[in-house]
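If you use UniProt numbering, the sequence shown corresponds to residues 1 to 357, in order.
In what follows, a structure is listed as structure tokens, so that the remarks can point back to it.
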Amino acid sequence: MPSHPVRATRPKAISPEAIQPEAMSPDAAPNMAEGPAPADDLRWIATFLEAQAAEQDSARNTLLAYGRDLRDAQGWLAHRGLRFATASRTDVESYLMSCDAQGLARATRARRLSALRQLYRFAYDEGWRRDNPAIEITGPGKSKRLPGTLSAQEVTALMEAAPRTGRSPVDRLRNACLMEVLYATGMRVSELVSLPVAAARGDPAMLLVRGKGGKERMVPLSAPARVAMTAWLAEWDAAAEAGRAKGKPVPRHLFPSRSADGHMTRIRFYTLIKEICVIAGLDPVRVTPHVLRHAFATHLLAGGADLRVIQTLMGHADVSSTEIYTHVLEDRLRALVMDHHPLADTPPRGDDPAGTA
């Protein structure tokens, strides 16, 4: 396995130049529209890039490219008195037409459209906008990249490694709970780390998850996840009682921390899952919280689950977001057949040139 010591211990830092704003003309700023909080364009870009680094394991060069592309779009909009929060589909199309008029390469224009689509999808999930003005714009885009996933054996290795990862027994109980709940539910990492402790009370068979944008859904818990959650909750209660005796407030979250939000951050979980990979003997570069979410969906589909059910469990607003897993499964089935079918290596049948058939 290749050695990746830096990426195995901490996430990629987001370069300051990725979110540095373009110079704005003095007369553009007064015309900028007020948007709903948090509507600050630079905060949008910075938060989006952080999520890409933590959840998608985006490469540093990809983050830099997204930062440059979004900075360019932000500057173009600002000169027209617009912001990301107020731009319409027509505004986005006009921006892309200006890119074409500048003679930018097809790949560059496709990447800029992709960056805007993903930014607005993120903004929609976060509840910053009620629409995605870039979603229906046709561009010179490339083929959609299939998500990475893991085999059932690799997931098992991760689950077995989680309770062995951590500096203390408390850490190991928490890590086991995090991993079991993530794979059992297919939650987004932001949904997982922000779970309220109240959701875990009473040994629930189902969890109520409040997704991005405030949407709620019910997700089932597997038996191993319920066992891990019960064990962690007992430790949580003991720690909360000890804290209360010292006059400390009782945490609201199942995975509390000293962060500004009061719960484990996405970045911390990103680094944690890399540590678990090392213990499991898996390449940390291959595994992110989002890859485990993909594994959840792919394994359900392989087991015969209905696509609409998977859509509901994952909190996808559109089934087209879920349909990509059918392509992942098709590729894996094709590879399975080619590896194990007895006639897979047989030359193509046709007319016998020797006339001996």
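Every residue, glycine too, gets a C-beta built ideally from N, C-alpha and C.
DSSP three-state call for residue i: helix, strand or coil?
i: Ala115; result: helix
i: Val250; result: coil
i: Pro289; result: helix
i: Pro5; result: Low local confidence applies: a pLDDT of 36 at Pro5 is under 50, so the model's placement there is unreliable, with the coordinate-based value given in what follows. It is helical.
i: His79; result: coil
i: His263; result: strand
i: Glu136; result: coil
i: Met218; result: strand
i: Leu104; result: coil
i: Pro204; result: coil
i: Arg71; result: helix
i: residue 365; result: Outside the displayed range of the chain (1 to 357) lies residue 365, so it cannot be described from this structure.
Would you grab the beta carbon distance between residue i and residue j for me? Rounded to a whole angstrom, and I think it's under 8 Å.
i: Arg109; j: Gly139; result: 6 Å
i: Thr185; j: Leu207; result: 6 Å
i: Val250; j: Ala240; result: 5 Å
i: Glu275; j: Thr165; result: 5 Å
i: Tyr270; j: Ala51; result: Rounded, the Cβ-Cβ distance is 10 Å, inconsistent with contact.
i: Pro133; j: Tyr124; result: Their Cβ separation, rounded to whole angstroms, is 10 Å, which puts Pro133 and Tyr124 out of contact at 8 Å.
i: Arg266; j: Val189; result: 5 Å
Could you tell me the alpha carbon to alpha carbon distance between residue i and residue j, rounded to whole angstroms?
i: His263; j: Gln102; result: 46 Å
i: Ser96; j: Ala85; result: First, the residue type needs correcting, since residue 96 is Leu and not Ser in the sequence shown. Going by the C-alpha atoms only, they are around 17 Å apart.
i: Ile310; j: Arg68; result: 35 Å
i: Ala33; j: Ala87; result: In this prediction, Ala33 has a pLDDT of 35, which is less than 50 and means its spatial position is unreliable; nothing more can be read from the coordinates.
i: Gly214; j: Leu292; result: 23 Å
i: Ala242; j: Leu82; result: 51 Å
i: Ile135; j: Ala231; result: 43 Å
i: His316; j: Gly75; result: 31 Å
i: Ala161; j: Ala78; result: 49 Å
i: Leu42; j: Arg71; result: 8 Å
i: Val219; j: Ser98; result: 45 Å
i: Trp236; j: Met187; result: 21 Å
i: Val278; j: Ala65; result: 29 Å
i: Phe255; j: Val181; result: 12 Å
i: Val285; j: Ala245; result: 43 Å
i: Arg167; j: Val287; result: 21 Å
i: Ala198; j: Ser151; result: 33 Å
i: Arg60; j: Gly247; result: 43 Å
i: Arg308; j: Leu178; result: 26 Å
i: Ser94; j: Phe48; result: 23 Å
i: Leu104; j: Glu191; result: 38 Å
i: residue 358; j: Pro196; result: Nothing about residue 358 can be read from this structure; the chain reaches only from 1 to 357.
Is the CB of residue i under 8 Å away from at least one CB in chain B?
i: Ile279; result: Going by chain labels, chain B is absent from the structure shown, which holds only one protein chain.
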